[in-house]
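Q: So the protein sequences, as listed, match chains A and B. Going by UniProt numbering, the first residue of the first sequence is number 1, and it counts up by one from there. Going by UniProt numbering, the first residue of the second sequence is number 1, and it counts up by one from there. The structure is given below, and queries will be raised subsequently.
Number of protein chains: 2
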Amino acid sequence: MGLVLERKDLRDLSLGAAFLGTGGGGDPYIGRLMLERVMAEGRRVEIVPLGEVSDGDRVIPTAMMGAPTCLVEKIPRGDESALSLRRLEAFLGVQATCTMPVEAGGMNATVPLIVGAQLGLPVVDADGMGRAFPNLYQDTFHVHGVPGTPMAITDEHGDTVILTACDDFRKEWIARGVTIRMGGCAHIAEYPMDGRTARRTAIAGTLSVCLAIGRAIREANEQHRDPFDRLVGTLRDTPYRHARVLWTGKVIEVYRRTTEGFARGWARLRDTEGSGETLDVLIQNENLVARAGTRVLCSVPDLLCILDRETAEPITTEALRYGQQVKVVGVAAPPILRAPEALEVFGPRAFGIDLDFVPIEESAP
Amino acid sequence: MGLVLERKDLRDLSLGAAFLGTGGGGDPYIGRLMLERVMAEGRRVEIVPLGEVSDGDRVIPTAMMGAPTCLVEKIPRGDESALSLRRLEAFLGVQATCTMPVEAGGMNATVPLIVGAQLGLPVVDADGMGRAFPNLYQDTFHVHGVPGTPMAITDEHGDTVILTACDDFRKEWIARGVTIRMGGCAHIAEYPMDGRTARRTAIAGTLSVCLAIGRAIREANEQHRDPFDRLVGTLRDTPYRHARVLWTGKVIEVYRRTTEGFARGWARLRDTEGSGETLDVLIQNENLVARAGTRVLCSVPDLLCILDRETAEPITTEALRYGQQVKVVGVAAPPILRAPEALEVFGPRAFGIDLDFVPIEESAP
């Protein structure tokens, strides 16, 4: 049974999407405004469970790619992602029966909802990351051998690239180059697949998790309860299971550059609970690894979320700045992301960080 | 009546193509080796006059794009340009009846001949530049409104981009980004057009001019005559009409960088005929402008060719080096490149050089 999204859900959805974005995935505030607009025009957004997708469905996932730092300066026109899907359909000579997030984190949780509303397509409640990751091949579709191309890439001028690559690493390399030329962020339709493949490879229920996380944080704030306790409790009943506050402190330094099509850098947080120690968070679009000296508190693919200390409102990497009072929350990644073959794609070494993955449950408290 | 190219023609062809390359267009030596190989396999290269192309012909021009400095380090596998044409055909749902040079200078005079031999397609004796230019929109097809996309871009891995751009400047910008990602040079099929459009917009006879120039230089050397006199005489009977030796000197300095997908820089030549003055040649893949102090001796779109002082063998921009003894020859561009609307695309200001175009006939001798 599908769920019809209502306008009152949008704040919860974007709050939860920002949380799963682990700092990246693009600012979901912009996605929420775009969704509000298409819904105000009377368009309907239907979310269908992954289990209800039939073998013969043609799923074409949609997303944005690029640096979050560019997205906040280059707001979408609104119809680029839908154009991307349409151009890929034309190239393939097929019609999509639904779209789906590739990345249920940040703005990319909302992009397929906007596309679905504009084109009258249901949106599958699933994605390929269960969070946000910076590279196109960092998803379960790649890990499970779904061909990543042909893909479509579009921009606000209507320029379109149809890319067919010999593998998903060349795909990332060339598509990133196109995105840089398109102004640092672009709109994509990729991993066209049948319903059976989607059921086999996608992470189920991640849009629902966004809604649940957003609701938990909002309700706790409304009821003057601790939103962090509520968050940890809510995640216990999801594929993420385990979450923990890792650090309470103040942002004392941010180094951030937009380079090679990514926002890269690090943030330093001083503990404000007594020890005065510092925590370094490494960033590539998303928060990747948190270290206090040599102690690793959290590492990809586990989720590393920097939240406002009072409201648990997520702070995206492009919005980090000196003086913010924050709590850092670590969340266990869904098991599919922690399998050995998955860790090769999602683990610290996949980002050039010379560390083994340490599950959040096992890291020093 | 078509001309069937013979292996004995290939040296003349590549010599003449190097001359029309005005320093760029890629090293035609590599193109000649590739052509020799396909002809040794028994394949036939048929060149047809532009006037014999019929209205209903489907012409798909082929070329390489990128920095000549990259091409000499990344030799083609051999079938990339043919793949590019085939991928564009598949995207358009049409079959080419012939191919054509976009650029009858440097390696790009030979690329369509290789494609024609491999795919059994005749090659039209015409091009869109009458020389070589660095940017994709610097051709008569663009000037006369032929849509520059859809275009195909391929590399040696088989990666393919089909680009549809909103205009030819976005096309250049995005395709250049793709080419950089593909290693600095890539293979393209672009400006798909019918025969009627080709007849209206292309520069006729430029492959024949390559052959004639190459033959003139070779025969003069064989007969111990002055190849420069022969060259000037040969060009008199072509659309180029006017040519002149502008400078005799020695290369005393070369500054060359591969940046933004182009080979850019300048070469300085000291006069060796008595005055000791220096001539500066500005380079973007091709030789663009020659200046002695404030005196402009030659400027785009006129052809500026640096040749070995004894043999008149052209020296490409990536091969320029200290100590070379050279003559610099200026050649009038065909009239179609000098029309006011054409100068906006081909003149010095189109390269960011703050100079008016001065026809070679009017520049100080």
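No residue lacks a Cβ here, since even glycine has one placed at the ideal position from N, Cα and C.
Measuring straight from C-alpha to C-alpha, what distance separates Gly21(B) and Ala104(B)?
A: 7 Å
Q: Examine the Cβ distances between the segment 35-45 of chain A and the segment 90-108 of chain A and report whether three or more of them are shorter than 8 Å.
A: no
Q: Please list the partners that residue 370(A) has in chain B, where partner means a Cβ-to-Cβ separation under 7 Å.
A: Chain A is shown from 1 up to 365; residue 370(A) falls before or after that span and cannot be answered.
Q: If we count the other Cβ atoms within 10 Å of its Cβ and call it buried at 16 or more, is Gln223(B) buried or exposed?
A: exposed
Q: Strictly by DSSP, which residues pair up with Asn108(B)?
A: Answer is none; Asn108(B) lacks a bridge partner.
Q: Closest Cβ-Cβ distance between Ala67(A) and chain B: below 7 Å?
A: no
Q: If you measure between the beta carbons of Val124(A) and Met100(A), is that distance less than 7 Å?
A: yes
Q: Between the segment 185-198 of chain B and the segment 197-207 of chain A, are three or more C-beta pairs nearer than 8 Å?
A: These segments do not touch.
Q: Less than 8 Å between the CB atoms is what I'm expecting for Ala189(B) and Met151(B), so what's the real figure, rounded?
A: 7 Å
Q: Return helix, strand or coil for Gln223(A), following the three-state DSSP convention.
A: coil
Q: Starting from Ala63(A) and walking both ways along the alpha helix (DSSP H), at which residues does that stretch end?
A: Ala63(A) -> not in any alpha helix (DSSP H); beta strand (DSSP E) instead, spanning 62-66.
Q: What residue range is occupied by the uninterrupted alpha helix (DSSP H) comprising Met39(B)?
A: Taken as a continuous stretch (DSSP letters only), the alpha helix (DSSP H) holding Met39(B) covers 28-40.
Q: Return the CA-CA distance between Pro359(B) and Thr294(B), expressed in angstroms with no decimal places.
A: 16 Å
Q: Below 7 Å on C-beta distance, what does Thr160(A) contact in chain B?
A: Thr164
Q: With DSSP collapsed to three states, give me the class of Arg196(A).
A: helix
Q: By DSSP, does Arg7(B) sit in helix, in strand, or in coil?
A: If DSSP states are grouped into helix, strand and coil, Arg7(B) belongs with the helices.
Q: Taking a cut of 8 Å between CB atoms, which residues from the segment 174-202 of chain A lie near chain B?
A: Result list: Ile174, Arg176, Gly177, Val178, Ile180, Arg181, Met182.
Q: His157(B) versus chain A: which residues are under 9 Å apart at the beta carbon?
A: Ala165, Cys166, Asp167, Arg170
Q: Among the residues of its own chain, which have a CB less than 7 Å from the CB of Val178(A), if the five just before and after it don't count?
A: Shown here for Val178(A): same chain residues with a beta carbon closer than 7 Å to its own, the five before and five after excluded, namely Ile153, Val161, Ala186 in chain order.
Q: Which value, in whole angstroms, describes the spacing of the CA atoms of Thr258(B) and Gln118(B)?
A: About 31 Å.
Q: Beta-carbon within less than 6 Å of residue 375(B)'s beta-carbon, same chain only, minus the 5 sequence neighbours each way: which residues are those?
A: Any question about residue 375(B) goes unanswered here, given that chain B covers just 1 to 365.
Q: Compare the C-beta of Asp194(B) with all C-beta atoms of chain D and state if any pair is closer than 7 Å.
A: Among the chains of the structure shown, chain D does not appear; the protein chains present are A and B.
Q: Identify, in the order they occur along the chain, each residue of the same chain with its Cβ nearer than 6 Å to the Cβ of Pro239(A), setting aside the five sequence neighbours on each side.
A: Pro334
Q: Return yes when the Cβ of Ala292(B) is within less than 7 Å of the Cβ of Cys298(B), no when it is not.
A: no
Q: Compute the beta-carbon to beta-carbon distance between Gly16(B) and Thr316(B), rounded to the nearest angstrom, for a pair I have assumed lies under 8 Å.
A: So it is not a contact: roughly 14 Å between Cβ atoms.
Q: What's the C-alpha gap between Asn287(B) and Leu303(B)?
A: Rounded to the nearest angstrom, the two C-alpha atoms are 8 Å apart.
Q: Tell whether a beta-carbon distance below 7 Å holds between Val234(A) and Phe141(A).
A: According to the sequence provided, residue 234(A) is Thr. The question's Val does not apply to it. At least 7 Å separates the beta-carbon of Thr234(A) from that of Phe141(A).
Q: Would you list the one or two residues that DSSP bridges to Cys98(B)?
A: Per DSSP, Val59(B).
Q: Distance, Cα to Cα, Arg11(A) vs Glu344(A)?
A: 35 Å
Q: As a quick exercise: from Ile306(B), Arg338(B), Val72(B), pick the residue whose alpha carbon is nearest that of Gly249(B).
A: Ile306(B)
Q: If you run the structure through DSSP and keep just helix, strand and coil, what is His187(A)?
A: strand
Q: Pull the bridge partners of Arg291(B) from the DSSP assignment, please.
A: Asp280(B), Val296(B)
Q: Mind reading off the beta-carbon distance from Lys171(B) to Leu121(B)? Whole number of angstroms is fine, and I expect it under 8 Å.
A: That pair is no contact at about 24 Å.
Q: Determine the DSSP secondary structure at Asp127(A), reduced to helix, strand or coil.
A: strand
Q: Beta carbon of Val18(B), beta carbon of Pro348(B): below 7 Å?
A: For clarity, residue 18(B) is Ala in the given sequence; the question names Val instead. No, the Cβ-Cβ distance between Ala18(B) and Pro348(B) is not below 7 Å.
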